[in-house]
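As structure tokens, the structure follows; a few thoughts come after it.
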Amino acid sequence: MRTKMKKTNVYSSKVAATLLLTLALCLGMLHGAGLTAARAQSLIADNPKVSNDLESVLVNSPDVTHVQAVIVTPSTPTKSLMSYLTTVSVIVDRKMVNLPMLAVKVPVKQVFDIAARTDVTYISLDRQAKRTGHVSLTTGADAARAMGGATPHDGAGVGIAVMDSGIFTQHLSFNKDGVSRVKASVDFTGEGRTDDPYGHGTHVAGIAAGNGMVSNAAYQGVAPAANLVNLRVLNSQGRGTLSGILSAIDWVLANRTTYNIRVVNMSLGTEALDSYRSDPLCRAARKLVDAGVVVVAAAGNQGKNSSGQKLYGLIHSPGIDPSVITVGATNTFGTDLRNDDVVTTYSSRGPTRGYYTDLLGVKHYDNLIKPDLVAPGNKIVDPQSPSNYLVTNNPALDANVSGSSTKEQMYLSGTSMATPSVAGAVALLLQANPKLTPNMVKMILMYTAQPLAGFNNFDQGAGQLNLEGAMRLAKLVRQDITSLTPVGAPLLTTTTLPVQQSTVANWTFNWGGAVVMDHTFATGVNLITKYQAIYGLGLVLSDGTTVADGVLVSDGVLVSDGVLVSDSIMTSSGVLVSDGTVFMGTGVLIGDGTLLGDGVLVSDGVLVSDGVLVSDNLLRADVYALASRALVEGDSGLSMAVEADTTIDPPAAPASLVVVAVSTTQLDLSWKDMSSDESGFLIERCAGATCTNFAQIAQAAAGATSYSNTGLVKAATYRYRVRAFNAAGNSAYTLIVNGTTKSR
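Written out as structure tokens, the structure is:
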């Protein structure tokens, strides 16, 4: 190692009860100001009629105003109770037919009052009873989401732009409360459509942000509540153009604020011939990053030739750009445990081989270390678009999970599948800490990654995605850092270092503790305890190194003391990035453009002992054919477990709501029943021509198509909406319709 130094300097119930009393008396968060001491004392009692997890929400989440809960009654809910719930603005989502229970949305300030009623037996939080998905578990996403407490880190509010072959927006995986989370769809292929006839984009979007509503969450994505922006740049055969992708990037720059686009997923790329300094796609991606948008790109599937020999130097553009998070693929062999994971044979390896030619005709290669990290990407099961090109031509890709096109899943493999896991991870980090810059996000993901034993930095970058560790670190980063924050200032809100170890799927491993830069990697705890100028906008992590007398060292102006820069590319021992055996020296990456030195790499592009370094004039036809095969076949080993979907779908939303004035006190509603399996209809109303505070006023039986609302005020305007429900949940609402009672 060489460096250039810059001279600078669960609580007990009694404790929980005390906390609740403090909140109630001092802040009035649960029941408002003026709460009596006697009432507060009754709240802190160990109330057997309110579940512990619901009490925990009330105590620990003062900003939560409503919760989804289940009310249990001694027998059929009484008319008195139903009337009372309406009075206190409780929305009854579902009344069980054969059980004395109500699924409700209840204001938190009413929970204990409801529990105190004699016709209520118990109130429980409406818990999620879902199986953990393979990708969300093995990446650490499940653990990361749980760190949000009562309001989990699930990506809500964060926009992920998916530049791909389109998204089948009707898939149940993209639904939230009957409304699609795909907030915009734009076509850049010229085909005039935004669905997914090729089949790639829907699968990618599901890995990033699938909601887990199919097969009991077996295929849940990393950020299940994030919003999606569908930018279709690949056509019906999976082909696109550079200009189409650039147009999509241009669109993001113009619309990123409207849709809160913080992440762009590019599970695609073009052949990297130009240096990243001049490559148009890299320059456009850099523009996004400088604007505060994290760009996550696939490394490519060109990691081996037809003889099965390793290939080096075939990272795609824009993955060759140092500002982009470039992702390679791992094979989990279908297990949640991470101790058997390996880098796939097809995952493209560094160094990057874009180049420029000087006036003397000499080619100067970038030779950057890529990818930045790796993530699960082999035989991944996620959403399928109907009748798509990939499944039509490769029927074995159909996972046959469901007979419904809105639930069906398919297999795919490749760095394209690994990339959205990282994009989803970024969405979670930005939800937890919106002030993170793209460079901070990249640093956090690499520093906390798990190095895989037996693979070098060109194979895996800093290691495999570890979202559990990344979330813990991201939540500690200060949110008041500006462009004026000096190098070496504290980066975290605490002086207590996080434990640099994670446990995911019951297996514990160390963080790699390093950040890949350009021709090297940096280590040192100061990377996470002190602010580095390279974390700001307008710079990239690789700006933190410089060449001094032919040796890479850390830049003492942009990087604080204590950051060490490696002089070797390492083959990992699986502990720290800096541990293991030397694969090659970094000096061969920063020369005059030819990889010479130490008898390891020779000028004709052959890597003697390990594989082949692809030179710019190599015929690559067989490599591209193998990349296509990798998408369909993947590497050997088991896939994710396939679980058939046996759930009941929520009913279709009723349509054509009409409101007619009958008298000065009555309005009649009618609608069209669009479903055959509803248990009934929920009618909601609010008063006023523009009101939004809807409350449930009635429940109609299954098959009903009308309701008479009586007892109204003369010449008054009311707004109505209707939804259907069954055992699986609620439909979307009808359109809101206004009605005004007669004046005489």
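Per my numbering, the sequence shown starts with residue 1, numbered consecutively. We treat Cβ as the ideally placed atom computed from N, Cα and C, and that holds for glycine.
Taking a cut-off of 8 Å for Cβ pairs, the segment 309-317 and the segment 420-434 do not touch, as fewer than three such pairs fall below it. In this chain, the beta strand (DSSP E) harbouring MET570 covers 568-571. No Cβ-Cβ contact shorter than 7 Å links VAL722 with THR710. Within the same chain, and ignoring the five residues on either side of ILE444 in sequence, the residues whose Cβ sits closer than 6 Å to its Cβ are ALA470, LEU473 and ALA474. For the 7 Å CB-CB criterion, SER743 and ALA715 form a contact. Cα atoms of VAL577 and PRO451: separation of roughly 6 Å, rounded to the nearest angstrom.
The residue from GLU408, GLY454 and GLU468 with its alpha-carbon nearest to that of ALA425 is GLU468. Between the alpha carbons of GLY377 and PHE681 lies a distance of about 43 Å. In this structure, MET570 is the residue among MET570, ILE534, PRO420 and ALA655 with its C-alpha nearest to the C-alpha of MET584. Contact fails between the segment 374-393 and the segment 486-498, because fewer than three Cβ pairs, one in each stretch, are under 8 Å apart. For the pair ALA254 and VAL294, the Cα-to-Cα distance works out to about 15 Å. Listed in chain order, the non-local C-beta contacts of VAL90 below 6 Å within the same chain comprise VAL104 and VAL106, local neighbours out to five positions each way being set aside. Scanning its chain for C-beta atoms nearer than 6 Å, with the 5 sequence neighbours on each side dropped, one finds around LEU231 the residues ALA161, MET163, VAL186 and ALA248, in chain order. For LYS363, the beta-bridge partners assigned by DSSP are THR357.
Its Cα nearest to that of THR76, the residue PRO100 stands out among PRO100, THR139 and SER243.
Between the segment 314-332 and the segment 276-287 there are three or more C-beta pairs closer than 8 Å, enough to call the two in contact. For GLY240, the three-state secondary structure derived from DSSP is strand. Annotated as proximal: THR741 and THR664, with beta-carbon spacing under 7 Å.
LYS304 sits in a strand when the DSSP states are folded into three classes. Around THR546, the same chain offers VAL553 and ASP555 as residues with beta carbons nearer than 7 Å, after the five sequence neighbours per side are excluded. Shortest Cα-Cα distance from PRO498 to any of VAL515, VAL222, VAL179 and THR448 involves THR448.
Segment contact: the segment 417-424 against the segment 233-244, fewer than three CB-CB distances shorter than 8 Å; contact not assigned. In this structure, the alpha-carbon of TRP511 lies about 57 Å from that of ALA689.
For ASP290, the enclosing alpha helix (DSSP H) stretches over residues 280-290.
In the structure shown, ARG629 falls within a helical segment according to DSSP collapsed to helix, strand and coil. In this structure, GLY159 sits near ASN227, with a CB-CB distance shorter than 7 Å. Taking C-beta atoms as the reference points, PHE174 and VAL233 fail to come closer than 7 Å. Residue environment for ARG338: buried (at least 16 other C-beta atoms within 10 angstroms of its C-beta). Counting along the chain, the unbroken alpha helix (DSSP H) around PHE458 starts and ends at 457-460. Secondary structure remark: continuous beta strand (DSSP E) runs of at least 3 residues inside the segment 648-734, in chain order: 655-661, 667-672, 680-687, 695-701, 706-709 and 717-726. DSSP, reduced to helix, strand and coil, places LYS310 within a strand of the structure shown. Within the segment 45-87, the complete beta strand (DSSP E) segments at least 3 residues long are 66-72, listed from N- to C-terminus. Contact between the segment 80-87 and the segment 669-678 is absent: fewer than three C-beta pairs spanning the two stretches fall below 8 Å.
Among the bridge pairs identified by DSSP, SER124 is matched with VAL70.
Ranking ASP290, LEU268, GLY269 and GLY238 by CA distance to the CA of ARG256 puts ASP290 first. Distance from PRO651 to SER560 at the Cβ level is roughly 59 Å; contact not present, criterion being Cβ atoms closer than 8 Å.
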